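So the protein lines, in turn, are chains A and B. Numbering of the first sequence is given in full-length UniProt numbering, commencing with residue 1 and proceeding in unit increments. Numbering of the second sequence is given in full-length UniProt numbering, commencing with residue 1 and proceeding in unit increments. Even glycine gets a Cβ: it sits at the ideal position worked out from N, Cα and C. Owing to the predicted nature of the structure, the values given are computational and were not obtained by experimental measurement.
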Amino acid sequence: MRAMVYRGPYKIRVEDKPMPVIEHPNDAIVRVTLAAICGSDLHLYHGLMPDTRVGHTFGHEFIGVVEQVGSSVQNLQVGDRVMVPFNIFCGSCWYCARGLYSNCHNVNPNATAVGGIYGYSHTTGGYDGGQAEFVRVPFADVGPVKIPDWMDDEDAVLLTDAAATGYFGAQLGEIAEGDTVVVLGAGPVGLVAAQSAWLMGAGRVIVVDHLKERLEKARTMAYAETLDYDEYDDVVVELKKQTDYLGADVVIEAVGAEADGNLAQQVTGPKLKLQGGAATALNWAIDGVRKGGNVSVVGAYGPIPNAVKFGDALNKGLTLRMNQTPVKRQWPRMFEHVRNGFLTPRQMVTHRFSLEEIPEAYHVFSSKLDGCIKPLIVPSAA
Amino acid sequence: MTHPDIPSAYVRDKRTPPPSREELRARIPGWGVDLDPVDRPSYPKLQYPADTGAHWDFPERQPQKWPREHSIEHAFVTPVFGTAQPPKGLSGVVRKYAYARFSEGRLAHWLLLVAGDRIDAAEHRLRSFASTRPDVPATGIRSEFTRGGLRSRRGRSDARHHLLDPVVVAGPWVAGAGAAVLGVRKVTRALRR
Chain A
1 MRAMVYRGPY KIRVEDKPMP VIEHPNDAIV RVTLAAICGS DLHLYHGLMP DTRVGHTFGH
61 EFIGVVEQVG SSVQNLQVGD RVMVPFNIFC GSCWYCARGL YSNCHNVNPN ATAVGGIYGY
121 SHTTGGYDGG QAEFVRVPFA DVGPVKIPDW MDDEDAVLLT DAAATGYFGA QLGEIAEGDT
181 VVVLGAGPVG LVAAQSAWLM GAGRVIVVDH LKERLEKART MAYAETLDYD EYDDVVVELK
241 KQTDYLGADV VIEAVGAEAD GNLAQQVTGP KLKLQGGAAT ALNWAIDGVR KGGNVSVVGA
301 YGPIPNAVKF GDALNKGLTL RMNQTPVKRQ WPRMFEHVRN GFLTPRQMVT HRFSLEEIPE
361 AYHVFSSKLD GCIKPLIVPS AA
Chain B
1 MTHPDIPSAY VRDKRTPPPS REELRARIPG WGVDLDPVDR PSYPKLQYPA DTGAHWDFPE
61 RQPQKWPREH SIEHAFVTPV FGTAQPPKGL SGVVRKYAYA RFSEGRLAHW LLLVAGDRID
121 AAEHRLRSFA STRPDVPATG IRSEFTRGGL RSRRGRSDAR HHLLDPVVVA GPWVAGAGAA
181 VLGVRKVTRA LRR
């Protein structure tokens with residue numbers, strides 16, 4: 001089969017790889033019909049995630065058709081069209097039993113601090129991902145869901161991570177009616193977080209970024225006010241001014257380890273890898289929220305330490321909430337919101353590439369060329 | 001009443017109340033549908049799902065094709081795991097040592113894994129030079145010309161650090177080539193003597 005393959009930082013290509021096989025009785029093999037590149041894939045692409053092995057196939061946002069099922073699979077049949085949450089989870093461990101699917105303890109031998117994720121290095125379990133023609137899906141009775149007939153494929157693929165993570169980010173903010181919510185980052189996660197903040201009763205939503213096309217999308221898709229940090233010497237001071245010197249009630253950090261906005265953080269983090277990435281957005285969140293406020297973090301960070309202003313978080317009495325998204329837990333309610341048009345994930349898709357074009361897709365998305373907000377990947381076997 | 005110029009942060013209440021529910025509902029599709037925390041799927045944080053689809057107490061164990069490396073913070077190799085890219089070569093030795101010796105709480109664990117990644121890339125790069133498909137320093141660069149590399153970056157502050165990318169990407173290649181030239185020269189001189 002054809003698959004995207006990592007060759008080292010900044011280097012990927014498409015290769016012929018052996019077909020995935022059933023390795024556990026509850027596995028399924030899924031033929032991928034649509035995949036996406038996630039902003040967090042760029043951390044792997046840039047070599048920021050420890051134990052990213054040459055030959056690894058990335059991709060944790062995908063939908064497809066069940067091609068083969070293991071002997072114990074009861075809930076899926078060959079030919080079912082399924083959307084697969086980015087989390088691999090067993091459904092039965094201490095964590096899954098309490099709904100913390102993203103923290104499953106039975107699927108990732110490599111680390112206890114993170115659950116299993118498709119195509120996201122060996123630090124999340126060493127599973128090849130869905131930017132390929134076929135993929136192994138463990139715990140087929142637990143993770144995948146049949147795509148509802150009414151749902152658009154592009155909405156379905158975005159619900160497997162980006163959209164679900166945006167919605168989850170707004171929930172972590174514990175938004176109360178009338179709150180001023182600041183969303184850092186107008187990428188796919190931030191855009192849905194901004195939409196979701198309104199559903200939870202925000203009185204004001206301000207989205208911060210510096211890419212004009214993304215800020216425009218935040219205004220049109222999420223009805224948000226926007227703030228272009230390139231226009232200000234100090235974006236935190238501007239946030240304070242715009243919130244009557246209180247700061248935001250809630251800040252949602254939807255950027256993660258490759259934040260722009262501070263050259264020193266960029267150089268010491270993503271470029272020279274002297275820290276786990278750039279903690280710029282996290283520090284802006286801590287500084288920009290009001291005392292006693294909530295910071296929700298859904299931007300992805302690796303396990304290597306970052307230069308974070310923890311003292312300010314303490315002194316301000318902040319509540320910091322964060323997790324990888326337990327995607328399947330979000331779906332029933334999110335499906336209603338998508339059907340009602342309250343959440344519109346597919347509006348953020350800007351580019352569609354074939355699997356063979358994936359090296360270009362990564363470069364375009366990584367360097368944010370051509371107004372790219374969200375690129376989708378169409379495998380050739382689709 | 002305090003002077004209206006004093007911002008909200010210095011007085012008891014916010015000076016500008018949020019827009020009314022009616023106003024927000026008229027402007028934002030779906031405003032407030034999840035206003036009640038009970039309607040939010042992740043509330044409360046710990047929530048016992050009625051049915052996860054699991055029909056086991058503990059999953060059947062997937063067979064190990066090699067002694068699977070695992071965090072020493074785990075009691076054992078988890079019943080299900082990825083089998084992609086088994087550890088091989090020098091990078092494999094480094095990775096296996098990182099897992100066997102240091103917990104996730106130790107920086108050495110992660111730094112060894114990062115070192116393993118760089119060794120892995122170098123091992124594969126060398127091997128690729130003996131193949132029909134040698135590695136290149138970076139991929140996807142064609143899109144700089146087809147997708148408006150210059151146009152897209154105009155006026156963007158991050159263009160400053162993009163200038164560093166060629167250095168970060170090509171640096172190890174230049175260093176590697178330099179070391180190879182020096183090595184070859186040294187060997188040639190030694191042979192001439």
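| Query | Result |
| --- | --- |
| Find out if the Cβ-Cβ distance for the pair HIS46(A), PRO270(A) is shorter than 8 angstroms. | yes |
| Measuring CB atoms only, is the region 228 to 242 of chain A touching the region 11 to 24 of chain A, in the sense that at least three cross pairs come out at less than 8 angstroms? | no |
| Residue ranges of each alpha helix (DSSP H) run of no fewer than 4 residues wholly in the region 8 to 71 of chain B, ordered along the chain? | 21 to 27 |
| Please confirm whether ARG185(B) has its beta-carbon closer than 8 angstroms to some beta-carbon of chain A. | no |
| From TRP31(B) to GLN195(A), what does the alpha carbon distance come to, in whole angstroms? | 9 angstroms |
| Should ILE6(B) be labelled buried (16 or more other beta-carbon atoms within 10 Å of its own) or exposed? | exposed |
| Is the beta carbon of PRO379(A) sitting closer than 8 angstroms to the one on THR139(B)? | no |
| Whose Cβ in chain A lies nearer than 8 angstroms to the Cβ of residue 216(B)? | With chain B represented from 1 up to 193, any question about residue 216(B) goes unanswered, as that position is not in the structure. |
| List the residues of chain A whose Cβ lies closer than 9 angstroms to the Cβ of GLU73(B), in chain order. | ALA111, THR112, ALA113 |
| So what's HIS122(A) in DSSP terms, helix, strand or just coil? | helix |
| Kindly list, in the order they appear in chain A, the residues whose Cβ is closer than 9 angstroms to that of TYR48(B). | ALA97, ARG98, GLY99 |
| Does any CB atom of chain A fall closer than 8 angstroms to the CB of THR83(B)? | yes |
| Counting only C-beta atoms, is PRO148(A) closer than 8 angstroms to chain B at any point? | no |
| So, do the region 106 to 123 of chain B and the region 134 to 143 of chain A have three or more beta carbon pairs nearer to each other than 8 angstroms? | no |
| If the cut is a Cβ gap below 7 angstroms, which residues of chain A does ASP34(B) touch? | LEU199, MET200 |
| Using a cut-off of 7 angstroms between C-beta atoms, extract the partners of LEU126(B) located in chain A. | By Cβ distance, chain A contributes nothing, its closest Cβ being about 12 angstroms from LEU126(B), past 7 angstroms. |
| What in chain A is Cβ-close to LEU113(B), meaning under 7 angstroms? | PRO50, ASP51 |
| If the cut is a Cβ gap below 9 angstroms, which residues of chain B does HIS337(A) touch? | GLY30, VAL33, ASP34 |
| Around the Cβ of LYS328(A), are there at least 16 other Cβ atoms within 10 angstroms (buried) or fewer (exposed)? | buried |
| Which of the three DSSP states is assigned to VAL167(B) in this structure? | helix |
| Using the Cβ count rule (16 or more neighbours within 10 Å means buried), how would you classify ASP260(A)? | buried |
| Taking a cut of 7 angstroms between CB atoms, which residues from the region 174 to 192 of chain A lie near chain B? | GLU177, GLY178 |
| Just tell me which of GLY187(A), VAL308(A), ALA193(A) has its CA closest to the CA of residue 384(A). | The structure shown does not extend to residue 384(A), since chain A is modelled only from 1 through 382, so no value can be given for it. |
| At a threshold of 7 angstroms, does HIS337(A) count as lining the ligand ATP (C-beta to nearest heavy atom)? | As far as ligands go, the structure on display features none, and thus does not contain the ligand ATP. |
| Output needed for ALA170(B): all residues of its chain with C-beta closer than 7 angstroms, excluding positions within five of it in sequence on either side, in chain order. | PRO137 |
| Can you round the beta-carbon distance between GLY288(A) and PRO18(B) to whole angstroms, since I take them to be within the 8 angstroms contact cut? | Not really, about 18 angstroms apart at Cβ, beyond 8 angstroms. |
| Pop quiz: GLY91(A) and THR52(B) are said to be a contact at Cβ under 8 angstroms. What is the actual Cβ separation, rounded to whole angstroms? | 3 angstroms |
| For ARG127(B), name the three-state secondary structure that DSSP assigns. | helix |
| Beta-carbon of VAL136(B) versus every beta-carbon of chain A: anything under 8 angstroms? | yes |
| Apart from the five residues on each side of it in sequence, which residues of its chain come closer than 6 angstroms, Cβ to Cβ, to TYR43(B)? | PRO37 |
| For the structure I just gave you, are there three or more beta carbon pairs, one from the region 284 to 300 of chain A and one from the region 140 to 149 of chain A, closer than 8 angstroms? | no |
| If you compare alpha carbons, which of CYS104(A), GLY59(A), PRO9(A), ALA193(A) is closest to THR33(A)? | GLY59(A) |
| I want to verify the contact list: residues of chain B whose CB lies under 8 angstroms from the CB of ARG352(A), in sequence order. | Per Cβ cutoff of 8 angstroms: no residues; ARG352(A) is ~13 angstroms from chain B at best. |
| Compare the Cα-Cα distances from ASN340(A) to each of ASP155(A), ILE12(A), HIS43(A) and report the closest residue. | ASP155(A) |
| Between the region 150 to 164 of chain B and the region 244 to 256 of chain A, can you find at least three pairs of beta-carbon atoms closer than 8 angstroms? | no |
| Can you tell me which of the three DSSP states PHE134(A) falls into? | strand |
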